[in-house]
Structure formats: structure tokens, C-alpha cells
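Working notes for the structure below.
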Amino acid sequence: MFNWLQEIADYLVFDVFGMSTEGHLSKALNFFIYDTVKIFLLLFVIIFLMGIVNSYFPVDKVRNYLSRNKLFGFEYLMASFFGVVTPFCSCSSIPLFIGFVKGGIPLGVTFSFLVTSPLVNEVAIGLFLGLFGVKTTVIYVVSGILLGTISGAILQKLKLEKYLSPWVKEVLIHSQKEQAVFTAEKYPFRNRLPFIWKEVLKILKGILPYVLIGIAIGGLMHGYIPEGFFEQYMSRDNLWAVPVSTILAVPMYSNASGVLPIVQVLVAKGIPLGTAIAFMMGVVGLSLPEAMLLKKVMSLKLIAIFFGVVTLCIIISGYIFNFIF
Amino acid sequence: MSKEIKILGTGCLKCKQTEAVVTNIVAEHNIDATIKKVEDIMDIMKYNVMSTPAVVIDEKVVIKGRIPSKLELIDLLK
């Protein structure tokens, strides 16, 4: 599908710039040009499609849907799925959390949403497609949704309401089903398009520097680190690799756009895919800044339990990934 | 009559940008309005918004979850 792009990159680097076809620098540059253009094309398409979905399913509608309907256990899966289509911003996570609690949505279901939302979103999907191809992307998306679903269900079973901050408990007591009046914006598609378009450009502009830096670092590593370099340190047989890299990743924070290009190079140079993805999920999904934000609505103990359960699920999915590939 | 504009946001980048846009518009068009930033999460929740930034004009939520465009704001404030 992208052969034409490789030809353009080859033509630019080897013919126009007249660089040698064997040098490290020219290989790195070629990789950089090819990757950047391809990834931005894919990001553009995915963000645009998600923008359309989101325009018809804003988070208020999602909340009302989850609050109103009895879903017999499927609510975790639905919440997780909605987490995918809702664009994630860490600064929105607290209002969102309270909004869900207010709507009478169980804590575990809310957690399902909170886990999946940063892990699987339009930016992550676009990057994954560009860097790893369709098959890996589908597996990643499915496992991200399952991760949110399962950890949400576990957290619900643990009956954690008592560890919420006092004022949130107050909100919980007064929670009502379907209380929020949501005035749906009934615009035809033609009128929505300019808004969606602007949002797409804004998101792309926002992630541009991260992706460029990520790809640049990736490109350098690609050109200079020999194939299979990491294999000697992090082989598939090393059982400790997955938990150690996940636990190292949890305090760190970056969005998907910064980590993924680097993860791709790590995989190309011999780190098992499951280990790399567990690392990435740890970086993107859980972080110290997020814990600080959550401190406003829950006790440290609940944050610790939440992080613990999700970390465990990430480690397990890392092993499963390594097993499949 | 003077309008009361509130910007709801927990202090993220988008919220600051929203504040800047609103302040600019009010100054540029000499609109009679007071601008207040609401950062406390409990106060924000009183307005029932789930995605910030949000803009409230005279106690009515007019924009939520995104940075408003200049044209939109001018329409809303007139």
C-alpha cells in the first residue's frame, strides 16, 4: 500500500541528496522521511474517522447510555469500548470520573473507561497501524479493550466505594440515574464537518512535535543499533523482562505519540513485542501525574489498588502477547 | 448589562488557551463582561460538565470539552 512512498523516500535521499545507499545517516534519513509521511497520513485518516464518531457520541451521551441501561455484565465492555472512541485528555479525567459517579454508574465500570481511554485512542491506533501493520493493531486494540473490561470488573468485585474521598461519597449518595438533561445537538453532517475538521487539525498539530521527535530518535536508533542488539539482554526466555519493564514504565508518563516510534525500533532490534507493548501500556496508561490527579477523588489506598490491578493485567497481557508472537 | 463569563478548567494547557481566547475577544470588542476562572473541581462539577475546558456565560454552559473559536465566542457574547 505504501510502496510509492518508499520510492519517493529513496528518490529523495539517494538521488536528490545524492547520499550513499549504504551509509548509516542516509538509511536513518530515508527511514525518517518514509515513516513520518506514512504515519501522518494514517493518523489523519483515523483521527478524522474518530472525530465523526465522537461528534455523534459525545461523552454525555455515553454517560446517559451507561446510566440508563441494564447491561448484565456487558457494561464493562461497553465502557471500555466508549473509552476508545472518546478522545482522552488527562485533565478531563477527574470531571469525567465525578460525572460518571453522579450518573449512578458503578465504580468498576468507570474504571474500565478510565483504563481504556488513554491506552486505545485515535492517536494510538493511527500510530500502531503505521508502525506495526493491521494485524498487530487489531490485537493491540482488542487486548486494550479487554484489559479495561477485566480490570474494571475485578475492581468492582473488590467493593472499593469506601475508599473514595468524603466529598465524592457524598456525590455517590445523591447519585441519580438519568438525571442529566442532555440537549443533543441536532446538526446535519454538513454542519458538523467544519468542527470535526478543526479538531483533527488541532490534534495533529498538538502531537506533531512528539511524533517527529519520537521518529527521529527511532530513526537514529534504527540506523546505528545492530539487528538483534537487545536480544542478549531481553530475550523471550527471560521471564523477568515483562514485569520489570512494566513496573519501570508505570511512574513514567508520555502519550502514545512519543513512545510508539521508539517501541517500534526496540521491537525491530530484538525486544519481544509483548515486553515492548507492556512497557508502552505502563507508560501511557498509568503515571505519577495521573495518580496525583486522582488523589482529589480517592484515597491513596484506592489509587494503589487501582494501579496494582491494572499493572497486573498489563503484565499478564504482555506474557500473552509474547506467547502469541 | 454586564455579562459574567466563567472558564471552567483544572489548569491544563487547553484551559489556559481558552482563557486567553476569551480575554482577547472581550478586550478587542469592548464587551462589558467580567471573566472568572474556576479551577476548583467541586465548583466545576456544579455545572455538570464532564469534559474541560468549558465556558459559562451568565451561569449557562455554552461550550464544553474544547477551545472555542473566536467567531463562536463573538456570536455567544452578542
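These protein sequence lines are chains A and B, in that order.
To convert, take the position in the first sequence, counting from 1, and add 18; that gives this note's numbering.
To convert, take the position in the second sequence, counting from 1, and add 9; that gives this note's numbering.
Think of the CB as a built atom: it goes at the ideal place given N, C-alpha and C, for glycine as much as any other residue.
query	result
Cross-strand partners of A42/B (DSSP beta bridge)	K12/B
Environment of D78/A [buried if 16+ CB atoms lie within 10 Å]	buried
Cβ of Q58/B within 8 Å of any chain A Cβ	Looking at the sequence shown, residue 58/B is not Gln but Val. Taking Cβ atoms only, chain A reaches closer than 8 Å to V58/B, which makes this a yes.
Short Cβ contact (8 Å threshold) for L173/A with L125/A	yes
Helix, strand or coil at I50/B [DSSP, three-state]	helix
Start-end ranges of the alpha helix (DSSP H) lying completely within the stretch 248-291 of chain A, minimum 4 residues	259-267, 274-286
Cβ of T32/B within 8 Å of any chain A Cβ	no
Cβ-based neighbour list, P269/A, same chain, cut-off 6 Å, excluding 5 preceding and 5 following	L306
Contacts around V360/A, its chain only, beta-carbon distance under 7 Å, and the 5 residues preceding and following it disregarded	What is shown of chain A runs 19 to 343, which leaves residue 360/A out entirely.
Residue-level contact to chain A via CB, I53/B, 8 Å cutoff	yes
Which listed residue (F131/A, I295/A, W215/A) has its alpha carbon closest to that of L259/A	The displayed chain sequence assigns Ala, not Leu, to residue 259/A. Comparing Cα-Cα distances from A259/A to each of F131/A, I295/A, W215/A, the minimum goes to I295/A.
Listed by chain order, chain A residues near I40/B by CB distance under 7 Å	Those within 7 Å of I40/B in chain A number zero; the least Cβ separation is about 23 Å.
Run of the beta strand (DSSP E) containing K69/B, from where it starts to where it stops	69-73
8 Å Cβ shell around T19/B - same chain, five flanking residues per side excluded	E48, I50, I53, T61
Limits of the beta strand (DSSP E) - the one that I163/A falls within	Counting along the chain, I163/A falls outside any beta strand (DSSP E), though it belongs to the alpha helix (DSSP H) covering 152-175.
Minimum Cβ-Cβ distance from I50/B to chain A less than 8 Å	yes
Backbone CA spacing between P212/A and L149/A [nearest angstrom]	29 Å
Secondary structure of V65/B, DSSP reduced to three states	strand
CB contact below 8 Å: T27/B versus chain A	no
Nearest residue (CA-CA) to K46/B, options E28/B, N39/B, V35/B	E28/B
Assigned secondary structure, L89/A (DSSP; H/G/I helix, E/B strand, else coil)	coil
L178/A vs I332/A beta-carbon contact at 8 Å	no
Contacting positions in the stretch 216-229 of chain A - beta carbon closer than 8 Å to chain B	K216, E217, K220
Cβ-based neighbour list, L60/A, same chain, cut-off 7 Å, excluding 5 preceding and 5 following	G144, L147, G148
Proximity test, L47/A beta-carbon vs the ligand SAM heavy atom, cut-off 7 Å	Among the components of this structure there are no ligands whatsoever, and the ligand SAM is therefore not found.
Opposing strand residues paired with M310/A [DSSP bridges]	None, per the DSSP bridge assignment.
Residue(s) in a DSSP beta bridge with L17/B	V47/B, A63/B
Amino acids of chain B, ordered along the chain, whose beta-carbon sits closer than 8 Å to that of W22/A	By Cβ distance, chain B contributes nothing, its closest Cβ being about 36 Å from W22/A, past 8 Å.
8 Å contact criterion, which S275/A and G232/A should meet: CB distance rounded	7 Å
Distance between beta carbons of G69/A and I214/A, contact taken as under 8 Å	4 Å
Spatial neighbours of T54/A in its chain, beta-carbon cut-off 6 Å, leaving aside the 5 residues before and after	I233
Where L330/A sits in the DSSP three-state scheme	helix
Neighbour list for G117/A in chain B, Cβ cutoff strictly below 7 Å	M59
Cross-strand partners of I182/A (DSSP beta bridge)	A small correction: the amino acid at residue 182/A is Leu; Ile does not occupy that position in the sequence shown. In the DSSP output, where bridge partners are listed per residue, L182/A has M316/A.
Best match in F129/A, F341/A, N209/A for proximity to L320/A [C-alpha to C-alpha]	F129/A
Three-way DSSP call (helix, strand, coil) for H42/A in this model	helix
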